[in-house]
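Participant: Dropping the structure in here first, questions after.
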């Protein structure tokens, strides 16, 4: 049957998307692990990673690698600024207000990007030229492999950070038990500050790896951020492994579902999966089954 | 004092400032401009705006029309129907506004045309008309872009010239793309082409069309399709080309006239090599025939544009130039007092106005200015647009 | 003996409690937190007159159009304020109900020839029906999860609208919706639409006032304060939350119907996340736990967006910055800080006078 022949191709493109969503989700989880805050502007960091790199390459005429590093640096700086200007002043505010503040920041970042860089979409060249890898009738671009490698590399780094460094443990402590962390001398706000930097760096890295696959424009951050957030929730809230699992589940499910239903519903599938998970197991597949527990 | 009272007082103050702004001004021929100055098309509408400003300044320096200068009033509708409607209403209520240069995007033109019909003011729209609107036979709406009929006819000629027998059409989910696909199929099959319109569609904002293309791959291989028609505009065009090549499919790609922008090549990169489409004349103006009046107009306009803005002009700037030219030409032809009604009649009687895109002609039954002769065959080679010719198809 | 005294005492008790009960029906209970809301005062009359006379003072159609839009946003914010303002539950998908109302009216009036008045009520009902279907599973979530779930529902709604071209006209939408008309009176100018929208809004305000001071409203506030305590008193928590959600959706449906008749087109892009965020902003900025606050918030934000539109390119970044600043400096709504300052100033002056009197 025709359908069976093309399913492997869908699966492979689903893996690519899965890696993308996982990268973005890791950024969300980093901040959530440090402070219980959801940063809706995470998608904008991904977009900015690609945009700023493009800017450095085209307007300042720097080599690709240098532009990438500089872009990551710039976006980390922006992440720090976001914390200082938006999150820190609202440290005592209630949930709806924090939510809206990060949404406002996301709006500001995407529209300022339209202002500075123009509204037309930009493309980055793929890392290794246009090689195409053909395995058994299924084509895969080399760039997708790079994204997969990047995802696992970042996961590895984050695992090292949170389980094998003092800083990582401090971050986790400050979100699980703020009072206890304060008593131990851990500055909660410093932890959140650093977490914002780390997650924006991850986002920028994700952007640089992802952009050569498609393009980047001022509004591409919103949807990717949303899907990354959904992945983090699906896989298991607050766990790095959950982010990866959620990302791949979302990517593959989305791609496979297109084989059976018209392609326009693709975004709807993501939200449908979200609603199902929220209904049956709100904390995600790897998360705890109790919605009110303080630990993940 | 309660917060609500404070709120109301501040409202009063703000509203006062409103009424001050809207006090009437004494000025000349006013042209309302209702563009999507923010939103995804902002850069393109900026080019339009710059072109119109350039032309109006040139006319005013010469003393205007009948001694009266032209004035452009720009309003942004942010790509929202509500604001487009509000801007139209604002312009129609101002008695000095002669006409409105309408939205750039297809989704908004229905709204503004309806208001133009009701309020009896001319609405010049930059995007192509579509069949539904044409059937309504509105008197006050005029389109200056190449419409779907002529683009499809030209594309059929291109397919015949290249001797394609079977073509697969992949179109976007908005009405213009749908009618383009339908006309292509109708005209193509009249001439003996076999046209498959894929049931898959994509949206304007999609960044990856690989799933739909994967679903089409079996059909392409089974039917041995000769060419792929990416019936879309904007970023999805080059993305489809990129996705096709990434899936290893090497068949030739046909595009719509919306492929004629520099950013399309930049976005698609190497995947755009060999893509062919019916392009507007300004896209390859230096490669036009010597006896084509559009060539000299384009060269002259491009020189002016470069002097002022320093970048090369493109087909959008050409539209801006042509709009002002048409307005000037129509006003000059009005016998007697220039009102909204007389302006509309003069515009409707435009015959053979020479613009950067070609010859514009309107008539009571035809409110689309350009014809098939105003399109040329374009091929992307070496990252640039190249005009190609086929004997017998001009 | 003890018995007769007790009997007399009991009779007096009953008489007093009867009298008190009668009084309580008329007078507002001083123990209640939101007592400003109860009863009508002079300032309400002032607001009413202001709203009715405003369009006659400023006959600029753009102003009318803006106030019509503000009124529709006001209805939306009023609906959401029950859920978000009084209850503290976040709904990021409220624009979906607005869209449901608009599309219901659009389909009923253009395809089935319903009179707009009937379609108006039908829109509200359909929207609250959807709220029932969605709310039943979703409302047991809290906090971020509820926000995310409502966001998801809103987006799914958007995708469904864009895809079902046969029912909703897909990406193009439906156009040609007739003007709103009741018994021959057609609302075709902005002025008439202004009165239509604001009279509906006033009616809904009265209804909501009544709702809040009723048993249902108090039960809802009890749930908002502490769900466990409320359920221990016998309040059916999930049912109350669902009712508040449905009422909010009903208002949104009505607002959507009015919007359809004002715009005469229905396009899917209008009902995106941006609109949901805007409505939530109106409620928060107006003040949570307030009835007039969200309406003022609606007027303010509608006016703000229109003014910012003049700055074209800079409009959205400015909007983002202003939002964040407003959230930082006025987290309880715009009026509270100002009011506190003014009351402090006025009372300081009063205290100074008293001190001077004593010193004399």
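Residue numbers (my numbering), protein chains in the order written: chain X, 1 to 296; chain F, 1 to 394; chain D, 1 to 360.
By construction, the Cβ of each residue, glycine as well, lies at the ideal position given by its N, Cα and C atoms.
1. Within 10 angstroms of its Cβ, does residue 76(F) collect 16 or more other Cβ (buried), or is it exposed?
2. Just checking: is the beta-carbon of residue 95(F) within a distance shorter than 8 Å of some beta-carbon in chain X?
3. Quick one: what's got a C-beta closer than 6 Å to residue 251(X)'s C-beta in the same chain, skipping five residues either side?
4. To be precise: take each residue of the stretch 115 to 136 of chain X, compare its Cβ to all Cβ atoms of chain F, and keep it if any distance is under 8 Å. Which residues remain?
5. Would you say residue 45(X) faces chain D, with C-beta separation under 8 Å as the test?
6. For the stretch 2 to 25 of chain X, which residues have a CB atom closer than 9 Å to at least one CB atom of chain D, in sequence order?
7. Only counting runs of 3 or more residues, tell me where the beta strand (DSSP E) segments fall wholly within the stretch 242 to 319 of chain D, in order along the chain.
8. When the cut-off is 8 Å and only beta carbons count, does residue 76(F) lie next to chain D?
9. Using 8 Å as the limit for Cβ to Cβ distance, is residue 250(F) near chain X?
10. Between residue 297(X) and residue 43(F), how many whole angstroms is the CB-CB distance? I'm expecting something under 8 Å.
11. Any C-beta of chain D sitting closer than 8 Å to the C-beta of residue 53(F)?
12. Anything in chain D within Cβ reach of residue 242(X), meaning under 9 Å, just list it in chain order.
13. State the DSSP-derived secondary structure class of residue 202(F), mapped to helix, strand or coil.
14. Around the Cβ of residue 279(X), are there at least 16 other Cβ atoms within 10 angstroms (buried) or fewer (exposed)?
15. Indicate whether at least one CB of chain F lies closer than 8 Å to the CB of residue 315(D).
16. Can you tell me where the alpha helix (DSSP H) holding residue 183(D) begins and where it ends?
17. Below 8 Å CB to CB, which residues in the same chain sit around residue 201(X) once its five sequence neighbours on both sides are set aside?
18. Taking 8 Å as the threshold (C-beta atoms), are residue 161(X) and residue 155(X) in contact?
19. I need the DSSP call for residue 58(D), collapsed to helix, strand or coil.
20. Could you tell me the distance, in whole angstroms, from the CA atom of residue 29(X) to the CA atom of residue 252(F)?
21. Between the stretch 153 to 163 of chain F and the stretch 115 to 131 of chain F, are three or more C-beta pairs nearer than 8 Å?
22. Looking at chain X, is there any beta carbon in it that lies within less than 8 Å of the beta carbon of residue 84(D)?
23. Check the Cβ of residue 200(F) against every Cβ in chain X and list those closer than 8 Å, keeping chain order.
24. Between the alpha carbons of residue 196(F) and residue 168(F), how many angstroms are there, rounded?
25. Could you tell me whether the stretch 302 to 312 of chain F touches the stretch 48 to 55 of chain F, where touching means 3 or more Cβ pairs closer than 8 Å?
26. Please state whether DSSP places residue 381(F) in a helix, a strand or coil.
27. Assuming residue 81(F) and residue 111(F) make a contact with CB atoms under 8 Å, what is their CB distance in whole Å?
28. Pull up the distance between the alpha-carbon of residue 25(F) and that of residue 99(X), whole angstroms please.
29. How about residue 98(D) and residue 271(D): do their beta carbons lie closer than 8 Å?
30. Note the first and the last residue of the continuous alpha helix (DSSP H) segment covering residue 301(X).
31. Take residue 88(X) and list the residues in its own chain whose beta-carbon comes closer than 7 Å to its own, dropping the five residues that flank it on each side.
32. Would residue 139(D) and residue 245(D) qualify as a contact pair, given that the criterion is a beta-carbon distance under 8 Å?
33. Apart from the five residues just before and just after residue 309(D), which ones in its own chain have a Cβ nearer than 7 Å to its Cβ?
34. Taking only beta-carbon atoms, is residue 147(D) less than 8 Å away from chain X?
35. Give me the chain D residues within the contact set of residue 38(X), using Cβ-Cβ distance strictly less than 7 Å, ordered along the chain.
36. Who are residue 366(F)'s beta bridge partners in DSSP?
Facilitator: In this structure, then:
1. Flag for residue 76(F) reads buried.
2. no
3. 14, 17, 18, 21
4. If the cut-off is 8 Å between Cβ atoms, the stretch 115 to 136 of chain X has 118, 119, 120, 121, 122, 123, 125, 130, 132, 134 near chain F.
5. no
6. none
7. none
8. yes
9. no
10. An answer regarding residue 297(X) cannot be provided, because it is not within the stretch 1 to 296 covered by chain X.
11. no
12. The contacting residues do not exist; residue 242(X) stays about 15 Å from chain D at best.
13. strand
14. Residue 279(X) counts as exposed, since fewer than 16 other C-beta atoms from the protein chains shown sit within 10 angstroms of its C-beta.
15. yes
16. Segment: none, residue 183(D) is in no alpha helix (DSSP H) and carries neither H nor E.
17. 72, 75, 76, 79
18. It is not a contact, given that the beta carbons lie outside the stated cut-off.
19. coil
20. 45 Å
21. no
22. yes
23. 262, 263
24. In a straight line, the C-alpha of residue 196(F) is about 5 Å away from that of residue 168(F).
25. yes
26. strand
27. 5 Å
28. Caution applies to residue 25(F), whose pLDDT of 36 falls short of 50 and renders its modelled position unreliable; the model cannot decide the point.
29. yes
30. As shown, chain X starts at 1 and ends at 296. That puts residue 301(X) outside it, with no answer to give.
31. 189
32. yes
33. Excluding sequence neighbours, residue 309(D) sits near 315.
34. yes
35. 144
36. According to the DSSP secondary-structure assignment, residue 366(F) is paired through a beta bridge with 363(F).
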